[in-house]
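Take a look at the structure below.
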Amino acid sequence: MLNIAVIGSGLAGLTAARHLQHAGHHVTVYEKAMGVSGRMSTRQTELGGFDHGAQYFTARTDRFRKEVSDWIKHGWVTEWDARVVALEHGQVTAEKKKTARFVAVPGMNSLGKQLQHGLDVRTEHTITACERLDGQWLLRFRCPTVEIEATAGPFDRVILAVPAEQAAPLLSVVPELAAQASGVHMSPCWTMMLGFSFELNLPYDAAFVNSHRLNWIARDNSKPGHRPGERWVAQAGPAWSEEHLRDEPERVLEKMLKAFHEETGSHIQPMHAVVHRWAYAQAENPLDADYLYSDEYGIGVCGDWFRAGLDGGGKVENAFLSALSLSKKAGS
């Protein structure tokens, strides 16, 4: 039995942890946030929840379809039969090919909450360094309950399931892996959450938007199991988000709300309007690999910034397949 640390509790981290624990290893998960799920995130408000990270996921491989089928049987996930269109300058074009889209219920973060059951997850633990000592790993971390930086370990293996920019400095002991992670750029994303007193009565539930500012909008309450009430999520494109990365949230909200009104043609003012900035949303140049791993040092990286046999990266399926492959390697 190996003693294994997993850093990050998004879908990749939880998938790796579950499979390693199922294989008989002792696993501890470290998460810097207050809860699990990473970018499969849901913001709770008085008006209901907003899926302000990953909007949905698809299943293209047989292995992931099997996993999604199991999640559906458990009642954790369901298909989102949404009216999805393309939207450009207010012109609506119907989706040419129907795509099966899945969501967690009652919010995207619900899946992570289910997957964490039975795992030792240490939330609000920020890992600052991974260090070698006598052939094993020690993790330096900060947490609210300890005034000074503390140490956890020793561990036989370390699995990083975090964005590339966060993985690179933690891989300093293995320069060749750090260099590969450093070569991946993850673009940011500004997300806007709008709550309305009235239904907008738009002829679609979600739209891929071809505009300078926005590239996606979705009626959150159209998702199965979500609380009633008109709630919309809008996400800006990577280029615009990068350009306005350091802008004040109030200014970003003003610009995104203007774009939302222009694209939808609805000028009803929201009663609730906030924005959230994802600094590391999606890999612009995902690595053409399943994962990174050092046999010599017993440290590896997985996540949605690996292609994992798929065309492109940044999907929930990439995260799952990458983590599954790495867990098999690291646990052997």
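When the sequence shown is numbered by the working numbering, its final residue is 334 and no position is left out of the sequence of numbers. Virtual Cβ for every residue (Gly too), placed ideally from N, Cα, C. None of these values were measured; they are calculated from a predicted model.
So what's aspartate 297 in DSSP terms, helix, strand or just coil? coil
Between which two residues does the alpha helix (DSSP H) holding arginine 65 run? Its alpha helix (DSSP H) spans residues 64 to 76.
Exercise. Nearest CA to the CA of leucine 326: which residue from Leu4, Ala19 and Ser11?
Worked result: Ala19
>> I need the straight-line Cα distance from glycine 305 to tyrosine 293, nearest angstrom please.
In response: 8 Å
Decide if proline 171 is buried, meaning its Cβ has at least 16 other Cβ atoms within 10 Å, or exposed. exposed
Check: Taking aspartate 297 as the reference, which of Glu178, Asp83 and His91 has the closest Cα?
Finding: The shortest C-alpha separation from aspartate 297 is found at Glu178.
- request: Please name the residue, chosen from Glu319, His274 and Gln23, that lies closest to serine 199 on a Cα-to-Cα basis.
  value: Relative to serine 199, the option among Glu319, His274 and Gln23 whose CA is nearest is His274.
Report task. Starting from alanine 281, trace the beta strand (DSSP E) both ways and give me its first and last residue. Result -> 274 to 285
Fill in: leucine 204 - DSSP class collapsed to helix/strand/coil
coil
Does the separation of the CB atoms of valine 87 and valine 79 fall below 9 Å?
no
Notebook entry, point to check: By Cβ distance, which residues of its chain are closer than 6 Å to alanine 169, with the 5 residues on each side in sequence left out?
Noted result: Leu162, Ala183 and Val303
*With distances taken Cα to Cα, identify the nearest neighbour of glycine 137 among Gly311, Leu89 and Asn5.*
Asn5
**OP:** Would you give the residue range spanned by the alpha helix (DSSP H) that glutamate 250 belongs to?
**Re:** Unbroken run through glutamate 250: none, as it is neither H nor E.
Original post:
Relative to the alpha-carbon of glycine 92, which residue among Cys132, His269, Phe157 and Ser189 has its alpha-carbon at the smallest distance?
Top reply: His269
Check: So which of Asp158, Ala166 and Thr125 has the shortest CA-CA distance to threonine 147?
Finding: With distances taken between CA atoms, threonine 147 lies nearest to Thr125 out of Asp158, Ala166 and Thr125.
Spatial neighbours of lysine 225 in its chain, beta-carbon cut-off 6 Å, leaving aside the 5 residues before and after: Trp82 and Val105
### Delimiting residues of the beta strand (DSSP E) encompassing serine 329
Element bounds for serine 329: not the beta strand (DSSP E) but the alpha helix (DSSP H), 318 to 332.
- Task: Below 6 Å CB to CB, which residues in the same chain sit around glutamate 151 once its five sequence neighbours on both sides are set aside?
- Result: Arg142 and Arg144
For this session: Give me the Cα-Cα distance between threonine 130 and alanine 291, rounded to the nearest whole angstrom.
Result: 26 Å
TODO: Would you check if the region 102 to 121 and the region 19 to 33 touch, i.e. whether three or more CB-CB distances between them fall below 8 Å?
DONE: Yes, they touch.
Query raised in the report: Between the Cα of phenylalanine 210 and the Cα atoms of Glu265, Trp242, Arg229 and Arg233, which residue gives the shortest distance?
Result: Glu265
Item to check | Buried or exposed by the 16-neighbour rule on C-beta atoms within 10 Å, applied to threonine 101 | outcome: exposed
- request: Along the beta strand (DSSP E) that carries glycine 15, what are the first and last residues, could you check?
  value: From DSSP, glycine 15 is part of no beta strand (DSSP E) but of the alpha helix (DSSP H) over 13 to 24.
| How should arginine 233 be labelled, buried or exposed, when 16 other C-beta atoms within 10 angstroms of its C-beta is the threshold for buried? | buried
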